[in-house]
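Engineer: Here you go, one structure.
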Amino acid sequence: MGPRDSARDASTGDGEGDGHGGGGGDEGGDHRVTSTESAVAVVRATAERHGRRIVVEHSIGADQSGRRSSAGAFTVADPDGSLPHEAFIEIDGSPAVEIQTFSEGDANITVDGVEFVGVPRERLPAFLDAVYGGSAWVRARTFPPSQTLIVPLPGDVTYKELIFGMWSLTPWLNRITR
Numbered sequence: 001m002g003p004r005d006s007a008r009d010a011s012t013g014d015g016e017g018d019g020h021g022g023g024g025g026d027e028g029g030d031h032r033v034t035s036t037e038s039a040v041a042v043v044r045a046t047a048e049r050h051g052r053r054i055v056v057e058h059s060i061g062a063d064q065s066g067r068r069s070s071a072g073a074f075t076v077a078d079p080d081g082s083l084p085h086e087a088f089i090e091i092d093g094s095p096a097v098e099i100q101t102f103s104e105g106d107a108n109i110t111v112d113g114v115e116f117v118g119v120p121r122e123r124l125p126a127f128l129d130a131v132y133g134g135s136a137w138v139r140a141r142t143f144p145p146s147q148t149l150i151v152p153l154p155g156d157v158t159y160k161e162l163i164f165g166m167w168s169l170t171p172w173l174n175r176i177t178r
């Protein structure tokens, strides 16, 4: 999943954050998420709204971030002087959700083993609301045999990912199959 060895923080949404204001009350809309810290804050607020706890692991510096594997020894800043910051977030409960945010403004979200790559950070709250709010579903086809996890977001945005391992669906994925 990437480096997760810098700082670790278990959170229950106790108000800690960057002053961004979390996810606010506009359920599912795009939020202004300008940094990794603000992404963690909106995920924390969204998880709290759904009665979930999160665990966050921060990777700060070019030598710690997953997309900077070519950084030289003891190099912490990018060539432009910026300090890359990534976070790996685990949300408890079913379905198992893991989010890896990147300083470039996107995130990889894994829901019960199904990975959605390159989701913009602004869509994290809407994505999680769809998963925990019951909008996400699995489309099962007989021929050709396939299963796809579909996560619809407000504004006609839909994320679809093929589920590999047809006979190994988790109980949550089985429950939302249509």
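In the UniProt record's numbering, the protein residues as written are 1 to 178.
The beta carbon of each residue, even a glycine, is placed where N, CA and C say it ideally should be.
If you run the structure through DSSP and keep just helix, strand and coil, what is Pro120?
Structural biologist: Note: Pro120 maps to strand in three-state DSSP.
Engineer: Distance check for Arg175 and Ser146, CA to CA, integer angstroms please.
Structural biologist: Near 16 Å, if we compare the C-alpha coordinates of Arg175 and Ser146.
Engineer: With 16 other CB atoms within 10 Å as the buried threshold, where does Phe102 fall?
Structural biologist: Flag for Phe102 reads buried.
Engineer: In chain order, what residues of the same chain have a beta carbon less than 8 Å from the beta carbon of Val119, not counting five sequence neighbours either side?
Structural biologist: So the list reads Asp106, Ala107, Asn108, Ile109, Phe127, Tyr159, once near-sequence residues are dropped.
Engineer: Are there 16 or more other CB atoms within 10 angstroms of the CB of Glu104, so buried, or fewer, so exposed?
Structural biologist: Glu104 is exposed by the Cβ-count criterion.
Engineer: Provide the residue(s) that pair with Thr148 in DSSP beta bridges, ordered along the chain.
Structural biologist: In DSSP, Thr148 forms a bridge with Arg139, Leu162.
Engineer: Quick one: grab the DSSP three-state call for Asp129.
Structural biologist: In this structure, Asp129 counts as helix in the three-state DSSP scheme.
Engineer: Is it true that the CB of Asp112 sits closer than 8 Å to the CB of Leu173?
Structural biologist: Yes, they are a contact pair.
Engineer: Apply the 10 Å Cβ neighbour rule to Val151 and answer buried if 16 or more other Cβ atoms are within range, or exposed otherwise.
Structural biologist: With 16 or more Cβ atoms within 10 Å of its Cβ, Val151 is classed as buried.
Engineer: Any idea if Asp156 is buried or exposed, counting beta-carbon neighbours within 10 angstroms, 16 or more meaning buried?
Structural biologist: Exposed, since its Cβ has fewer than 16 Cβ neighbours within 10 Å.
Engineer: Given that a residue counts as buried once 16 or more other Cβ atoms are within 10 Å of its Cβ, and exposed if not, what is Thr46?
Structural biologist: By the 10 Å Cβ count, Thr46 comes out buried.
Engineer: Can you give me the C-alpha to C-alpha distance between Leu83 and Glu98, rounded to a whole angstrom?
Structural biologist: Using only the alpha carbons, I get a separation of about 23 Å.
Engineer: Whole angstroms is fine: what's the gap from Ile89's alpha carbon to Glu57's?
Structural biologist: Ile89 and Glu57: Cα-Cα distance of roughly 6 Å.
Engineer: Let me check understanding here. Comparing Cα to Cα, which of Arg178, Glu37, Phe164, Val117 lies closest to Gly134?
Structural biologist: Among Arg178, Glu37, Phe164, Val117, the Cα nearest to that of Gly134 is on Arg178.
Engineer: Could you tell me the alpha carbon to alpha carbon distance between Leu149 and Ala136, rounded to whole angstroms?
Structural biologist: Going from the Cα of Leu149 to the Cα of Ala136 covers about 7 Å.
Engineer: For the beta strand (DSSP E) that Thr110 lies in, which residues bound it at each end?
Structural biologist: Where Thr110 is concerned, the enclosing beta strand (DSSP E) stretches over 106–111.
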